[in-house]
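Residue 176 in the numbering used here sits at position 176 of the sequence shown, and the numbers go up by one each step. Working notes for the structure below.
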Amino acid sequence: MVLRVLVIYYSPGGNTKRTAEALCRGLVRAEAEVTLVPLHRARGIALDDYDLVCLGCPAYHFAPPAPVRRALDRRIAEGNAMGRVVPNAPRCAGRTAVVFVTYAGPHTGIAEATPVGDVLAQTFRHLGYGVRGVWYTVGAFHENSNPRLNLYGRLGDIRGRPNAHDLGVIEANAYGLATVLRYEKAEREKRQGRHG
Ligand SMILES: Cc1cc2nc3c(=O)[nH]c(=O)nc-3n(C[C@H](O)[C@H](O)[C@H](O)COP(=O)(O)O)c2cc1C
């Protein structure tokens with residue numbers, strides 16, 4: 001029995017990619033089979049082929065970046081066409097997601113990232129997924145931004161983030177979750193074996 005995981009990320013500056021890679025390290029440590037893809041290569045991938053789907057992006061103006069928003073809208077439109085977006089959004093067995101967001105929080109801190117996590121999580125919930133994690137990681141602005149934002153924002157000096165500690169937290173979260181999901185999948189398969 002192997003846990004199959006798809007990790008999709010959008011990361012123009014690399015912070016979210018590094019976060020996604022840390023997440024993958026945790027999953028692999030828990031013996032999951034992991035596929036890591038950037039968003040622009042994720043179009044058309046059948047999410048149903050995976051026990052867990054993870055999607056991450058940065059906060060842009062306290063919202064998901066436009067390409068992410070478009071990809072979410074496309075998945076919802078496809079879900080509608082397949083009759084999967086239904087009243088009460090019943091949770092479908094085996095559909096499990098984690099979403100993760102990187103953000104710098106210069107003005108109001110994590111409140112700039114939570115709307116992004118909410119939109120990502122809501123999209124999965126509309127498609128019948130159980131969302132088992134909404135994870136936030138601090139990610140500094142890149143060189144072409146106003147340097148004061150990385151020094152004097154709501155979160156203080158965030159230069160160099162995500163740092164080893166930030167990435168370690170994500171890795172540990174992923175390891176823990178994958179361990180639980182593997183156990184749940186094994187139990188499900190045992191029950192199915194017993195009943196037919
Ligand atoms: C165009 C733009 C808009 C941003 N807007 C916000 C924002 O509203 N709130 C926030 O906390 N961080 C904001 N950030 C910071 C990014 O979310 C953060 O640096 C993130 O880690 C970048 O991820 P990446 O390196 O994967 O592209 C913004 C960055 C850019 C480039």
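Don't be surprised by glycine CBs; every beta carbon is placed ideally from N, CA and C. All figures in this text were calculated on a predicted structure; none of them were measured in a lab.
State buried or exposed for residue i, treating a residue as buried only when at least 16 other CB atoms are found within 10 Å of its CB.
{"i": "D51", "result": "buried"}
{"i": "Y183", "result": "exposed"}
{"i": "T108", "result": "exposed"}
{"i": "N163", "result": "exposed"}
{"i": "N15", "result": "buried"}
{"i": "A46", "result": "exposed"}
{"i": "V99", "result": "buried"}
{"i": "G44", "result": "exposed"}
Ordered along the chain, which non-local residues of its own chain (more than five positions away) have a Cβ less than 6 Å from that of residue i?
{"i": "T35", "result": "L6"}
{"i": "Y103", "result": "A59, E112, A113"}
{"i": "V116", "result": "A59, P64, V101"}
Do residue i and ligand 1 come close, with the Cβ less than 7 Å from some heavy atom?
{"i": "Y175", "result": "no"}
{"i": "A113", "result": "yes"}
{"i": "N163", "result": "no"}
{"i": "F124", "result": "no"}
Near residue i, what residues of its chain come up, given a Cβ to Cβ distance below 7 Å and the 5 sequence neighbours on each side ignored?
{"i": "R84", "result": "L127, G128"}
{"i": "P106", "result": "L149, G153, R154"}
CB-CB under 8 Å to residue i, same chain, minus the five flanking residues each way: which ones, in chain order?
{"i": "M1", "result": "R182, K185, A186, E189"}
Would you identify the three-state DSSP class for residue i, choosing helix, strand or coil?
{"i": "Y9", "result": "strand"}
{"i": "Y183", "result": "helix"}
{"i": "F100", "result": "strand"}
{"i": "Y60", "result": "strand"}
Answer yes or no: does any C-beta atom of chain B fall closer than 8 Å to that of residue i?
{"i": "P87", "result": "In summary, chain B is missing from the structure at hand, where a single protein chain is found."}
Exercise. On the three-pair Cβ rule with 8 Å, is the region 86–97 touching the region 125–132?
Worked result: With a cut-off of 8 Å on Cβ pairs, the region 86–97 is in contact with the region 125–132, counting three or more such pairs.
Exercise. Is it a yes or a no for the region 22–39 touching the region 164–184, going by three-plus beta-carbon pairs under 8 Å?
Worked result: Judged by Cβ distances under 8 Å, the region 22–39 makes contact with the region 164–184, as three or more pairs qualify.
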